[in-house]
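The structure under discussion appears below in the form of structure tokens.
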């Protein structure tokens, strides 16, 4: 399968307007993910309804079930943000691209591979892209008196399809991260609330 790769280093808000389609999508996508309020209205249109969202080795959930829950974050977090370090946009050439030269012997195998990687969307799909990004997620709990920021490294893979730049949607998202620091902070705050102790002292280094 032919492909080309575009790389961006730095925060998502520094992605230029002239960037590749996948990077421009990321510039729209992550602010919607990071928004504390009205996130469902912003994020839901960026996913296909049945797009699986897979976090680590957990079973997949689906976008139509997951995106409404993102708005609940505003009740628990006073700050949530992705600080992007590097992002890659891979342009996957579609099977109908005239530049593809596939022999009759390999055509069946290649077609099957593409079907497995990308279930077709309704309409005339012209773009298939995979965006990968490495970031640090920043989380502050709303009820944290110290407003301590929990930072966790994250690596995500987003598969996109669409008719053009503005029509791209997530068809699958995979997130690789360690949620234990956030869980530990939540547990420390619960203990603090119950016993009046300092949650910051219990924070692991």
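In the UniProt record's numbering, the protein residues as written are 1 to 205. From the three backbone atoms N, C-alpha and C, an ideal C-beta is built for every residue, glycine too. Every value quoted in this text rests on a predicted model; they were computed, and no experiment measured them.
Endpoints, the beta strand (DSSP E) within which residue i is located
i, result
"residue 56", "That residue, residue 56, is in no beta strand (DSSP E); it is neither H nor E in DSSP."
"residue 225", "Since the first residue of the chain shown is 1 and the last is 205, residue 225 is not available in this structure."
"residue 83", "77-92"
Cβ neighbour criterion (16 or more within 10 Å) applied to residue i
i, result
"residue 112", "For residue 112, the predicted structure reports a pLDDT of 44, less than 50, and the residue's modelled location is therefore unreliable. A value from the coordinates is still provided. Exposed."
"residue 18", "exposed"
"residue 72", "exposed"
"residue 14", "exposed"
"residue 99", "With a pLDDT of 44 at residue 99, under the threshold of 50, the modelled position of this residue cannot be trusted, and the question is left open."
"residue 34", "buried"
"residue 107", "Low local confidence applies: a pLDDT of 42 at residue 107 is under 50, so the model's placement there is unreliable, with the coordinate-based value given in what follows. By the 10 Å Cβ count, residue 107 comes out exposed."
"residue 155", "exposed"
"residue 128", "buried"
"residue 115", "Reliability of the predicted coordinates at residue 115 is poor, the pLDDT of 44 falling under 50, and no value is obtained from them."
"residue 59", "exposed"
"residue 9", "exposed"
"residue 57", "exposed"
"residue 81", "buried"
"residue 133", "buried"
"residue 21", "buried"
"residue 192", "buried"
"residue 149", "exposed"
"residue 63", "buried"
"residue 118", "Below a pLDDT of 50, predicted positions are generally treated as unreliable, and residue 118, at 47, falls in that range; no measurement from the model is reported."
"residue 51", "buried"
Residue i versus the options, residue with shortest Cα-Cα distance
i, options, result
"residue 136", "127, 178 and 160", "178"
"residue 189", "140, 20 and 10", "140"
"residue 181", "138, 55 and 43", "138"
"residue 125", "161, 134 and 150", "161"
"residue 159", "173, 50 and 70", "173"
"residue 152", "83, 20 and 31", "83"
"residue 47", "171, 9 and 32", "171"
"residue 27", "184, 150 and 131", "131"
"residue 32", "191, 192, 176 and 68", "68"
"residue 176", "23, 55 and 50", "55"
"residue 66", "75, 49 and 183", "49"
"residue 41", "157, 61, 70 and 185", "70"
"residue 11", "85, 79, 184 and 29", "85"
Cross-strand partners of residue i (DSSP beta bridge)
i, result
"residue 174", "54 and 157"
"residue 127", "162"
"residue 142", "DSSP, once it has assigned bridges, lists no residue as partnering residue 142."
"residue 192", "Note: residue 192 sits in no beta bridge, so no partner."
"residue 137", "82 and 152"
"residue 6", "89"
Residue span of the alpha helix (DSSP H) that contains residue i, given as start and end
i, result
"residue 34", "21-34"
"residue 69", "63-70"
- Three or more beta-carbon pairs under 8 Å between the stretch 163-172 and the stretch 139-151, yes or no? no
- Looking at C-beta atoms only, is the number of pairs between the stretch 2-17 and the stretch 82-94 that lie closer than 8 Å three or more? yes
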